Amino acid sequence: MSTIIAIQALLPIPTTKTYLSHGLDKYSSRCPSSSTPRPRLRCSLQVSDPIQTGRRSGGYPPALWDFDTIQSLNTEYKGERHMRREEDLIGQVREMLVHEEVDLTPQLELIDDLHKLGISCHFENEILQILKSIYLNQNYKRDLYSTSLAFRLLRQNGFILPQEVFDCFKNEKGTDFKPSLSHDRKGLLQLYEASFLSRQGEETLQLAREFATKILQKEVDERDFETKMGFPSHWRVQMPNARLHIDAYRKRTDMNPVVLELAILDTNIVQAQFQEELKETSRWWESTSLVQELPFVRDRIVECYLWTTGVIQRREHGYERIMLTKINALVTTIDDVFDIYGTLEELQLFTTTIQRWDLESMKQLPPYMQLCYLALHKFVIEEAYETLKEKGFNSIPYVTKWWVNLVESYMKEATWYYNGYKPSMQEYINNAWISIGGLPILSHLFFRFTDSIESMDKYRDMDRASCTILRLADDMGTSLVEVERGDVPKAIQCYMNETNASEEEAREYVRRLIEKEWEKMNTETMWDDDDDDFTLSKYYCEVVANLARMAQFIYQDGLDGFGMKDSKVNKLLKELLFERYE
Numbered sequence: 001m002s003t004i005i006a007i008q009a010l011l012p013i014p015t016t017k018t019y020l021s022h023g024l025d026k027y028s029s030r031c032p033s034s035s036t037p038r039p040r041l042r043c044s045l046q047v048s049d050p051i052q053t054g055r056r057s058g059g060y061p062p063a064l065w066d067f068d069t070i071q072s073l074n075t076e077y078k079g080e081r082h083m084r085r086e087e088d089l090i091g092q093v094r095e096m097l098v099h100e101e102v103d104l105t106p107q108l109e110l111i112d113d114l115h116k117l118g119i120s121c122h123f124e125n126e127i128l129q130i131l132k133s134i135y136l137n138q139n140y141k142r143d144l145y146s147t148s149l150a151f152r153l154l155r156q157n158g159f160i161l162p163q164e165v166f167d168c169f170k171n172e173k174g175t176d177f178k179p180s181l182s183h184d185r186k187g188l189l190q191l192y193e194a195s196f197l198s199r200q201g202e203e204t205l206q207l208a209r210e211f212a213t214k215i216l217q218k219e220v221d222e223r224d225f226e227t228k229m230g231f232p233s234h235w236r237v238q239m240p241n242a243r244l245h246i247d248a249y250r251k252r253t254d255m256n257p258v259v260l261e262l263a264i265l266d267t268n269i270v271q272a273q274f275q276e277e278l279k280e281t282s283r284w285w286e287s288t289s290l291v292q293e294l295p296f297v298r299d300r301i302v303e304c305y306l307w308t309t310g311v312i313q314r315r316e317h318g319y320e321r322i323m324l325t326k327i328n329a330l331v332t333t334i335d336d337v338f339d340i341y342g343t344l345e346e347l348q349l350f351t352t353t354i355q356r357w358d359l360e361s362m363k364q365l366p367p368y369m370q371l372c373y374l375a376l377h378k379f380v381i382e383e384a385y386e387t388l389k390e391k392g393f394n395s396i397p398y399v400t401k402w403w404v405n406l407v408e409s410y411m412k413e414a415t416w417y418y419n420g421y422k423p424s425m426q427e428y429i430n431n432a433w434i435s436i437g438g439l440p441i442l443s444h445l446f447f448r449f450t451d452s453i454e455s456m457d458k459y460r461d462m463d464r465a466s467c468t469i470l471r472l473a474d475d476m477g478t479s480l481v482e483v484e485r486g487d488v489p490k491a492i493q494c495y496m497n498e499t500n501a502s503e504e505e506a507r508e509y510v511r512r513l514i515e516k517e518w519e520k521m522n523t524e525t526m527w528d529d530d531d532d533d534f535t536l537s538k539y540y541c542e543v544v545a546n547l548a549r550m551a552q553f554i555y556q557d558g559l560d561g562f563g564m565k566d567s568k569v570n571k572l573l574k575e576l577l578f579e580r581y582e
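Once you know that position 575 of the sequence shown is 575 in full-length UniProt numbering, the rest is easy, because the numbers rise by one and skip nothing.
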């Protein structure tokens, strides 16, 4: 109990000038009314003119959605009538799913549809029982289409089916797949999808991908192959893409109207919850006064929240989505301090203060950095207090370590920039997987989704793989913009500098690196459903993989969905958070 008191003593006391966030619990919103007066902390900070001081300028456009717009969001789908209708539809779909007379392939297709439509969470137990029966009875050795579909769904849900199930589709020498399969387009598409569930060293799945890709590429221009195919299902984030899948599903001849109605209704009910969570995070963001006092930082609280909807998809984890949005906003702010505004001397002082992690050290900082540091310090203490109450252990030494590592990696990049140093590709990656900001996210989420500090080291490899994918996807979408603004070379430029490769060759190399990191993460995150010791961390493994998926979604097509005002991501943002789905 003494540790709780010690942490509580560090929490700010609510006054007319200090506002604590009100948070959501795991199952329902406890948000203050949108009519609550907006807190405005005015510190009269002096922020230098970038032109006069030689500081860089990000040139970021203003936020697309202001505070009042966000607080005015409302929808009828918060009502009990819609919740009752949803429960009725869930019951009808459950009967379809477990019907004894359903053949294997249609049953697997329904499971796949439920996942893509974003409603599989309502049927987790039923889906696991169906897949477990298929796994134990080895009822998956069929044609290429059904075998590939079963393989993907089983592996996605914790049943580690061996790659040897595809040996029967190989030629007599086992060196390639049978040429006769080239006419089975439906089967090849599923084989291609299944190959992305490969773990390190699984040569058959690598061969499967090469075989399927070679044939499918003949149907479209090779340069448009990735565009036509899109990301494989295993790389796709579920929640933000649900509407796209619903649009496609309603056009299918085998569309089930009950499933479609449930998907549409669920999308609108979830949106209602998202809007309440966004209101809460918007009030917190306003209360920090970071945008008002530090005009050089990005005002992107809506985009920060968008990330959370893909990383933490389960409806009951509203508290975690709000927490993650705050982390995203703080990481973005500190990133802008290092990339845009701070001088090298100021950045070193800031790094030293973070390393010491005490309020006394804050005195050496310029006022704008004091506000930034105190916002971070306050957030970490508040979250540590919640963790201590719920889990019984002190998370501060662990989460502060990753915040320190993040700032140290920023400092290294700042030193490279000011010295005009061009790192090698490996040197860059060794630092960049940390500087992308994924580790603070994962460290805080670790304490929300696990119950044992001792198991932390067990997940280091998967954390690194996820953060590396996050970094490489970011570089594919933002590197040219950042270099033009004034930043260290990113992965693409590092590879071009080191090998004299063209930009397209460098991008292809980065794509291959992403594939390798996915194999590493698959190796680490695929749990055996019968392993009782591992199921405790199932949710954590899910969010680790989702962080990588969300990165590829945000930066798809080489766009910076976080920074560009007119990106495709902003269109999806409107649909996800602001527009009711009909």
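Idealized CB from N, CA, C, for every residue including glycine.
Note that the structure is a prediction, hence the values are computed from the model and not measured.
Segment limits, alpha helix (DSSP H) that includes Y135: Segment 124-137, the alpha helix (DSSP H) holding Y135.
Nearest-angstrom beta carbon gap, L374 and Q364 [assumed within contact, 8 Å]: For Q364 against L374, the beta-carbon gap comes to about 14 Å, at or over 8 Å, which does not count as contact.
Best match in M496, C541, R549, K574 for proximity to N157 [C-alpha to C-alpha]: Distances from the alpha-carbon of N157 to those of M496, C541, R549, K574 put C541 closest.
With 16 other Cβ atoms within 10 Å as the buried cut-off, status of R511: Counting of Cβ neighbours within 10 angstroms places R511 among the exposed residues, the total staying below 16.
Chain-order list of residues whose beta-carbon lies under 6 Å from that of L576 (same chain, five-residue window excluded): P240, listed in sequence order.
Exposure of Y418, with buried meaning 16 or more beta-carbon neighbours within 10 Å: Exposed is the call here.
Cβ neighbour criterion (16 or more within 10 Å) applied to A248: The residue in question, A248, is exposed, as its Cβ has fewer than 16 Cβ neighbours within 10 Å.
CB of residue 623 within 8 Å of CB of L149, strictly: A question about residue 623 goes unanswered here, because the residues of the chain that appear run from 1 up to 582.
Collapsed DSSP secondary structure at F177 in the structure displayed: DSSP places F177 in strand when its eight states are reduced to three.
K141 in three-state terms, based on DSSP: Of the three classes helix, strand and coil, the one that applies to K141 here is coil, per DSSP.
Contained beta strand (DSSP E) runs [length at least 3] in the stretch 416-475, N- to C-terminal order: None, since the stretch 416-475 contains no complete beta strand (DSSP E) of that length.
Contact under 8 Å by Cβ, T525 with Q200: It is not a contact, given that the beta carbons lie outside the stated cut-off.
Proximity to R81 [Cα-Cα], best of T353, F159, N268, M425: Shortest Cα-Cα distance from R81 to any of T353, F159, N268, M425 involves N268.
G230 versus E579, Q552, K571, F578, residue with shortest Cα-Cα distance: Nearest of E579, Q552, K571, F578 to G230, Cα basis: Q552.
The stretch 274-289 touching the stretch 323-333, judged by at least three CB pairs closer than 8 Å: Yes, the stretch 274-289 touches the stretch 323-333.
Beta-carbon proximity of K279 to Q107, cut-off 8 Å: Not in contact: K279 and Q107 (Cβ atoms no closer than 8 Å).
Length of the line joining the Cα atoms of N497 and Y135: Roughly 49 Å between the two C-alpha positions.
Cβ-based neighbour list, R94, same chain, cut-off 7 Å, excluding 5 preceding and 5 following: F123, E126, listed in sequence order.
Alpha-carbon to alpha-carbon, V259 and S133: Cα to Cα, the separation comes out at about 24 Å.
Under the three-state DSSP convention, the category K401 falls into: The answer is helix: DSSP assigns K401 an H, G or I state.
Bridge partners - K170, DSSP secondary structure assignment: Answer is F177.
Range of the contiguous alpha helix (DSSP H) that encloses I246: Its alpha helix (DSSP H) spans residues 242-250.
As assigned by DSSP and simplified to three states, the class of E312: According to the sequence provided, residue 312 is Ile. The question's Glu does not apply to it. In the structure shown, I312 adopts coil according to DSSP, grouped into three states.
Short Cβ contact (8 Å threshold) for F159 with A208: The criterion of a C-beta distance shorter than 8 Å is not satisfied by F159 and A208.
Buried versus exposed call for C304 [16 or more other C-beta atoms within 10 Å across all chains shown]: Around the CB of C304, 16 or more other CB atoms lie within 10 Å, so the residue is classed as buried.
Span separating the alpha-carbon of S409 from that of S435: Answer to the nearest angstrom: the Cα atoms are 5 Å apart.
Per-residue burial, G392 [other beta carbons within 10 Å of its own, 16 or more giving buried]: Classified as exposed, G392 has fewer than 16 neighbouring CB atoms from the shown chains inside 10 Å of its CB.
As assigned by DSSP and simplified to three states, the class of S537: Note: S537 maps to coil in three-state DSSP.
Proximity below 8 Å, CB of R155 to CB of L197: Judged by beta-carbon spacing, L197 lies within the 8 Å limit of R155, meaning their Cβ atoms are closer than that value.
T402 vs S452 beta-carbon contact at 8 Å: With the sequence shown as reference, residue 402 is identified as Trp, and Thr is not the correct amino acid for it. No, the Cβ-Cβ distance between W402 and S452 is not below 8 Å.
Backbone secondary structure at S502 - three-state DSSP: In the structure shown, S502 falls within a coil segment according to DSSP collapsed to helix, strand and coil.
Pairwise C-alpha distance: Q238 and F284: It should be pointed out that residue 284 corresponds to Trp in this sequence rather than to Phe. In a straight line, the C-alpha of W284 is about 27 Å away from that of Q238.
Distance between beta carbons of V380 and T400, contact taken as under 8 Å: Between the beta-carbon of T400 and that of V380 there is about 6 Å, and that keeps the pair under the 8 Å contact cut.
Exposure label - R84; buried when at least 16 CB within 10 Å: Answer is exposed; the Cβ neighbour count stays below 16.
Proximal residues to L406 (C-beta, below 8 Å), its chain only, five neighbours per side dropped: Taken in chain order, the residues that qualify are V331, I334, I434, S435, G437, L439, P440.
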